[in-house]
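Going left to right, the sequence shown walks through residues -22 to -1, 1 to 99 as mature numbering (1 follows the signal peptide of the UniProt record, and there is no 0) numbers them.
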Amino acid sequence: MKRSTVASALAMLAMAPLSATAMPHGAMSYEERLAAMEDDMTLPAPIAGVQNKYWFNYRTDVAEARKELAHDLRHATDAEDERDAWDEYRAELADARRDYAKEMREKGYRTGQVRVHGSGR
């Protein structure tokens, strides 16, 4: 991936989910694919519609993770640095979501679950 491609995508990455800013830049690393999957699981709305300090902390954590990813990619000197940046981003998003869900669970709110069962064909 060219540095100019990374640099031009970084501003969009800082504020938008990866799925909304997917760039046709060639093959993604394993870490980048995992980060994209985790990014797709970013909660778009507060649990049970309750906007409280936990929701705002979660949104701040997500924004900070995106900003840090942009910084880390901008300063990466090789593919290993880029993979490390994506892996750290994925971990930060997962931690933020788990922490938020845990806080809301402790307050008596539950996250919704959707289960899809095959038709047995």
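Just so it is clear, CB atoms sit at the ideal spot from N, CA and C, and this is done for glycine as well. All of these numbers come straight from a predicted model, not from anything done at the bench.
Where Y8 falls, given that 16 or more other Cβ within 10 Å makes a residue buried: On the sequence shown, residue 8 is found 30 positions in, with the first residue counted as 1. Looking at its Cβ environment, which holds fewer than 16 other Cβ atoms inside 10 Å, Y8 is exposed.
Candidates Y67, G96, V94, of which the one nearest M15 by Cα: Your numbering for residue 15 matches position 37 in the sequence shown. Among Y67, G96, V94, the Cα nearest to that of M15 is on Y67.
Three-state class that DSSP yields for R88 in the structure shown: Here residue 88 corresponds to residue number 110 of the sequence shown, with the count starting at 1. Coil, per DSSP.
Spatial distance of T55 from A48 (CA atoms): As a working note, residue 55 is residue 77 in the sequence shown. As a working note, residue 48 is residue 70 in the sequence shown. Distance between the alpha carbons of T55 and A48: 14 Å.
Sub-8 Å separation of A74 and Y36 beta-carbons: As a position in the sequence shown, residue 74 is number 96, starting the count at 1. As a position in the sequence shown, residue 36 is number 58, starting the count at 1. Yes, the pair counts as a contact, with Cβ atoms nearer than the cut-off.
Through-space distance from L12 to E60, alpha-carbon basis: If you number the sequence shown from 1, residue 60 lands on position 82. If you number the sequence shown from 1, residue 12 lands on position 34. One C-alpha to the other measures close to 13 Å.
Selected residue, minimal CA-CA separation from A26, among Y87, Y78, V94: As a position in the sequence shown, residue 26 is number 48, starting the count at 1. Per the Cα distances, Y87.
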